[in-house]
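Take 2 as the starting number for the sequence shown in the working numbering and just add one per residue.
Yeah, the Cβ is synthetic: ideal placement off N, Cα and C, and Gly gets one too.
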Amino acid sequence: MNIVVAGGGTVARIDDVRHLANISTGRTAAQITEAWLDRGDSVWHIHTPAAILPVHRLAALDLTAAEPTAELDRLARLQERWKQIQGRLHLVPLVEGSVDEYQRTLQSVLQSRPIDIAFLPIAVSDYIPEPALGKIGSDHETLTITCHRAPKVIRMVRDWSPALYLVGFKLLSGVPREVLVREAERACLTNRADLTVANDLESIRAGRHEFHLARPGQPIETLPAGPRLAERLVEQVALWATQTPREPQP
């Protein structure tokens, strides 16, 4: 299958040297891409400038490893893995990382080839400042920044590629499970998504990262915290996507 994954966090310019950003690292997106690649699929991985990249996140040499030989063996296995998947991994970098650039890039990727599934865990800016020319002075006691709502890119995806299986993500922090689930169900409808993956930042930081899976008209299913969380998500989506009737793509 052909898969699109988008990861990292977009930025919104305040002036020539400052911007608003978020804490997304792109790690989950990278893990999702790796899981699809290991299944034998092809992935177009759209990423913001500072995002962690698939496979590359595993490539750093651990100089503190107790057994240097074992560390070299690990890197050799990683190199072999890279050889097996590199022809199916298509990195699509965002140069500026803005919402507008992401929108244009995602549309281009989706409309340039048939895509079966799109995973969009990318953290897209909700508000965009009115950027100032040059650099705002640093001697102000207070600074007011006027922002406007950013376009919801995920809501455009169904128009660009009606037949794909669309997976959105919803991140909240420190809310009860029922609130998180309710917001995920609402996102499915407003985004015209087949699935919304909900998770809570407070739980992630506490080491209890789990996914709540919301689908229109279906009961909530939860993937509990534990090893291979991204891989388990990919396995479930691969099953659901094949069970969802689609019109043939041009």
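Nearest candidate by alpha-carbon position, reference residue i, set the options
i      : options                          : result
GLY88  : ALA71, HIS46 and ASP101          : HIS46
ARG28  : SER43, ARG40, ASP42 and HIS48    : HIS48
GLY10  : GLN237, LEU95, VAL182 and ARG187 : LEU95
SER204 : PRO177, ARG187 and ALA188        : PRO177
VAL12  : ASP140, LEU134 and PRO50         : PRO50
ILE221 : PRO228, LEU92 and ASP195         : ASP195
LEU92  : ILE146, ASP140, GLY8 and SER126  : GLY8
ALA133 : VAL125, VAL180 and LEU144        : LEU144
ASP39  : PRO55, THR26 and VAL100          : PRO55
DSSP state of residue i mapped onto helix, strand, coil
i      : result
LYS171 : strand
SER25  : coil
GLU184 : helix
GLU222 : strand
GLY8   : strand
ARG14  : strand
VAL44  : strand
LEU90  : strand
ARG75  : helix
THR197 : strand
Rounded C-alpha distance that separates residue i from residue j
i      : j      : result
GLY138 : GLU131 : 16 Å
THR243 : HIS20  : 41 Å
GLY208 : GLU142 : 39 Å
THR106 : ARG82  : 28 Å
SER162 : ARG156 : 11 Å
ARG78  : LYS136 : 48 Å
GLN104 : ALA119 : 14 Å
TRP241 : ARG150 : 33 Å
SER109 : ALA31  : 21 Å
HIS213 : GLU68  : 39 Å
C-beta atoms of residue i and residue j nearer than 7 Å
i      : j      : result
TRP37  : ILE15  : no
ALA185 : ALA215 : yes
ASN192 : GLY218 : no
ASN200 : LEU172 : yes
ALA188 : HIS210 : no
VAL18  : VAL44  : no
With 16 other Cβ atoms within 10 Å as the buried cut-off, status of residue i
i      : result
PRO115 : exposed
ILE129 : buried
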